[in-house]
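Quick note, this note's numbering runs 32 ahead of the 1-based positions in the sequence shown.
To start, the structure under review is shown below, and the notes come after it.
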Amino acid sequence: MTEYAITVDKLVKKYAKATVLENISIKFEKGKIHGIIGRNGSGKTVLLKCICGITPITQGEIMVKDKKVGVNKINTEDVGVIIESPGFIDGISGFKNLDFLYQLTHRRNKEVIEGVMRKMELDPKSRKKVGSYSLGMKQRLGIAQAIMDDPDILLLDEPTNGLDRNGVEKFHKLLLEFKAEGKTILIASHNSADIELLCDTVCELDHGHLVVNE
Ligand SMILES: Nc1ncnc2c1ncn2[C@@H]1O[C@H](COP(=O)(O)OP(=O)(O)O)[C@@H](O)[C@H]1O
Ligand SMILES: [Mg+2]
């Protein structure tokens, strides 16, 4: 039987009177990489925000694993997210940023932080402040943060923004490793060529409507 990591059922999202997502129903199979494409403003980011529960939905229902979004608590072991540019404290190092965030919900564990930073090719011993990181380094630190709780599901919004060709290739390899571990990945991108090769399924949003789902 097909197992779904995320089920979106008749989702409607409105901001004031503007309908941003119109009756979206889609299921994302567990253990696969799913692409969400569509031009700027089509609703990709809002859909990811609804799935992780950052923004309340207007109508419909979203299930993440066996939890109902907005009702059950979804934590960072269920879902890791990067939405828009990751926010860090500029005046301290990458390690200190992740160390601080990790300790909000866990006992301190330097090895975990060092491990995810090395995985993202960032030097955990570097004293370089995040404020002087390049865009690509910040993006990689964001990915390190998203994976530091070893979540089963990753929601990635334009994750390759700011990465160079080499960075994109490495990132794709990493996502394939996650998939091999049985994780489910959703990637939103306006750059369809970038993700179509990598994704097992691709859906397209157009002005808040689901137009392609294959
Ligand atoms: N907080 C908000 N308040 C009002 N409108 C919003 C808000 N966030 C997004 N929107 C609108 O929702 C639509 C979809 O936006 P978004 O999901 O960011 O598009 P995409 O990520 O596909 O580029 C846009 O028209 C945008 O202006
Ligand atoms: Mg977006």
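Just so it is clear, CB atoms sit at the ideal spot from N, CA and C, and this is done for glycine as well.
Paired residues, beta bridge with residue i - DSSP
{"i": "residue 187", "result": "113, 218"}
{"i": "residue 241", "result": "238"}
Classification of residue i by the beta-carbon crowding that lies within 10 angstroms, buried from 16 upward
{"i": "residue 244", "result": "exposed"}
{"i": "residue 103", "result": "exposed"}
{"i": "residue 81", "result": "buried"}
{"i": "residue 190", "result": "buried"}
{"i": "residue 254", "result": "Residue 254 lies beyond the range of the chain shown here (33 to 246); nothing can be said about it."}
{"i": "residue 108", "result": "buried"}
{"i": "residue 212", "result": "exposed"}
{"i": "residue 75", "result": "buried"}
{"i": "residue 57", "result": "exposed"}
{"i": "residue 131", "result": "buried"}
Distance, residue j Cα to residue i Cα
{"i": "residue 133", "j": "residue 118", "result": "13 Å"}
{"i": "residue 115", "j": "residue 67", "result": "15 Å"}
{"i": "residue 100", "j": "residue 179", "result": "22 Å"}
{"i": "residue 37", "j": "residue 237", "result": "20 Å"}
{"i": "residue 187", "j": "residue 218", "result": "5 Å"}
{"i": "residue 165", "j": "residue 152", "result": "14 Å"}
{"i": "residue 55", "j": "residue 145", "result": "40 Å"}
Proximity test, residue i beta-carbon vs ligand 1 heavy atom, cut-off 7 Å
{"i": "residue 74", "result": "yes"}
{"i": "residue 70", "result": "yes"}
{"i": "residue 108", "result": "no"}
{"i": "residue 243", "result": "no"}
{"i": "residue 162", "result": "no"}
{"i": "residue 40", "result": "no"}
{"i": "residue 50", "result": "yes"}
{"i": "residue 134", "result": "no"}
{"i": "residue 165", "result": "no"}
beta-carbon residue i near ligand 2 non-hydrogen atom, thresh 7 Å
{"i": "residue 236", "result": "no"}
{"i": "residue 192", "result": "no"}
{"i": "residue 220", "result": "yes"}
Subject >> Runs of beta strand (DSSP E) lying entirely within the segment 38-118, each at least 3 residues, in chain order >> reply: 50-61, 65-69, 91-96, 111-114
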